[in-house]
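Trainee: Below you will find the structure I want to go over with you.
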């Protein structure tokens with residue numbers, strides 16, 4: 173799977189921009205990013221009041237993060253932008269691309285240096301899971317989520333020596 177994208181850091185402020193091509197029309201991908209039942213397949217448990225100014229709440233099921241957010245921009249089926257903490261502003265842009273869809277995901281948030289590779293891997297993991305879900309209906313089994321898949325993605329973004337937290341995670345995964 174192609175993981176195209178860029179990451180810019182200015183201190184702790186980050187702008188992440190990732191793209192994925194999906195072999196389905198924009199309307200199908202829109203459902204996957206706005207319907208709570210579909211969001212849970214690839215991202216987490218969600219409550220969505222799909223209107224400008226509406227509330228959106230995401231609960232990551234592979235960790236202990238919950239993000240209450242507000243829909244700041246809405247242009248169905250092309251743009252969904254939400255703002256909340258801890259992940260700042262998350263923007264999904266969908267554009268027709270032949271018989272498929274080009275998804276551009278942009279995250280603007282504060283990411284301390286020690287968490288950068290984990291956050292990068294996390295967003296790639298979720299976007300890969302989105303593609304898998306739209307392409308073949310694969311849903312993440314959250315109680316048994318594939319840590320090894322995340323770890324493989326994480327390794328692509330980690331260029332230094334193993335830190336103690338990563339070693340602990342790896343040892344826990346090996347048990």
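Numbering (the working numbering), first residue to last: 173 to 347. Don't be surprised by glycine CBs; every beta carbon is placed ideally from N, CA and C.
1. Let me confirm a value: residue 178 is counted as buried when at least 16 other C-beta atoms fall within 10 Å, else exposed. Which label applies?
2. With a Cβ-Cβ cutoff of 7 Å, do residue 243 and residue 274 count as a contact?
3. Short check: CB of residue 205 to CB of residue 264, under 7 Å?
4. In or out: residue 326 buried (at least 16 other Cβ within 10 Å) or exposed?
5. Pull up the CB-CB distance for residue 194 and residue 291, whole angstroms please, since I reckon it's below 8 Å.
6. Pick out whichever of 266, 278, 300 and 283 has its Cα sitting closest to the Cα of residue 321.
7. For the beta strand (DSSP E) that residue 186 lies in, which residues bound it at each end?
8. Under 7 Å between the Cβ atoms of residue 198 and residue 266?
9. Anyone know if the C-beta pair for residue 200 and residue 303 falls short of 7 Å?
10. Look up residue 180 in the DSSP assignment and say whether it is helix, strand or coil.
Mentor: According to the structure data:
1. Translated into positions along the chain shown, residue 178 becomes position 6. Burial call: exposed.
2. The residue labelled residue 243 in the question sits at position 71 within the chain shown. The residue labelled residue 274 in the question sits at position 102 within the chain shown. No, the pair does not count as a contact, with Cβ atoms beyond the cut-off.
3. Position 33 of the chain shown, counting from 1, holds the residue named residue 205. Position 92 of the chain shown, counting from 1, holds the residue named residue 264. Taking 7 Å as the Cβ cut-off, residue 205 and residue 264 qualify as a contacting pair.
4. Mapped onto the chain shown, residue 326 falls at position 154. Flag for residue 326 reads buried.
5. Here residue 194 is taken as the residue at index 22 of the chain shown, counted from 1. Here residue 291 is taken as the residue at index 119 of the chain shown, counted from 1. So it is not a contact: roughly 23 Å between Cβ atoms.
6. One-based indexing of the chain shown puts residue 321 at position 149. It is 300.
7. As a first step, residue 186 is located in the chain shown; it is residue number 14 there, counting from the start. First-last of the beta strand (DSSP E) with residue 186: 185 to 194.
8. In the chain shown, counting from the first residue as 1, residue 198 sits at position 26. In the chain shown, counting from the first residue as 1, residue 266 sits at position 94. Yes, they are a contact pair.
9. To locate residue 200, count along the chain shown from 1; it is residue 28. To locate residue 303, count along the chain shown from 1; it is residue 131. Their beta carbons are not under 7 Å apart, which means residue 200 does not touch residue 303 by this criterion.
10. For the purposes of this step, residue 180 is taken as residue 8 along the chain shown, with counting starting at 1. Residue state, collapsed to three classes: strand.
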